[in-house]
Amino acid sequence: MHTRDLKTACGYAIFFLLLGNLTQQSEEAFMALRYENEANEIVGYDENGVKLACVQFPAVNSDTVDVEHTEVDSSLQGQGVGGELMEQLAKRLRDEKKKAVLTCPYAQHWFDGHPENKDLVAE
């Protein structure tokens with residue numbers, strides 16, 4: 000093998016090693032979140048109690064909430080945390096027999112992609 004080929008192969012090996020390590024750290028960060036139901040929001044906390052994600056949904060009336068805001072810390076974006084918040088929200092809406100008005104663009108997108116939860120969206 001030529002020196003240039005060896006350097007290229009080593010470069011790729013290091014890149015994929017680092018990528019794998021970053022992916023593992025991201026998965027560990029995602030798995031470490033603790034979700035808690037609060038009055039009008041669901042919050043994801045890390046192991047130190049720092050708020051890293053939330054979905055906020057104030058009441059419109061006794062049967063309906065307005066899903067108005069979803070936020071995920073930049074260190075966790077693109078790792079499914081927003082989707083997990085939406086899953087938690089869907090479960091809570093079902094448990095409380097409520098419907099949701101979707102003013103948050105992320106919530107609109109998520110519910111559009113999950114037709115099994117269409118019954119939770121207020122008309």
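In terms of numbering that gives the first Met the number 0, the sequence shown opens at residue 0 and continues consecutively.
Don't be surprised by glycine CBs; every beta carbon is placed ideally from N, CA and C.
Determine the direct distance from the alpha carbon of residue j to that of residue i, and round the result to whole angstroms.
{"i": "Phe137", "j": "Leu32", "result": "Residue 137 lies beyond the residue range present for the chain, which begins at 0 and ends at 122; the question has no answer from this structure."}
{"i": "Val66", "j": "Gln76", "result": "19 Å"}
{"i": "Thr102", "j": "Leu92", "result": "16 Å"}
{"i": "Leu21", "j": "Gly112", "result": "Since pLDDT at Leu21 reaches only 43, below the 50 mark, its modelled position is unreliable, and the value read off the structure follows with that caveat. The straight-line gap from Cα to Cα measures roughly 28 Å."}
Considering only the alpha carbon of each residue, which of the options lies closest to residue i?
{"i": "Pro104", "options": "Gly81, Asp62, Leu92", "result": "Gly81"}
{"i": "Asp94", "options": "Ser73, Asp62, Pro114, Gly79", "result": "Asp62"}
{"i": "Ala58", "options": "Gln107, Lys98, Asn116, Asp118", "result": "Lys98"}
Beta-carbon within less than 6 Å of residue i's beta-carbon, same chain only, minus the 5 sequence neighbours each way: which residues are those?
{"i": "Gly43", "result": "Leu32, Tyr34, Leu51, Ala52"}
Cutting at 8 Å between CB atoms, please list the residues of its own chain near residue i, excluding the five before and the five after it.
{"i": "Leu84", "result": "Tyr34, Ile41, Gly43, Ala52, Cys53, Val54, Thr69, Val71"}
{"i": "Glu26", "result": "Since pLDDT at Glu26 reaches only 47, below the 50 mark, its modelled position is unreliable, and no value is offered."}
{"i": "Asn38", "result": "For clarity, residue 38 is Ala in the given sequence; the question names Asn instead. Answer for Ala38: no residue qualifies."}
Which same chain residues, not among the five before or five after residue i, have their C-beta less than 7 Å away from its C-beta?
{"i": "Asn60", "result": "none"}
{"i": "Asp45", "result": "Ala31, Leu32, Leu51"}
Where does residue i fall in DSSP's three states?
{"i": "Asp72", "result": "coil"}
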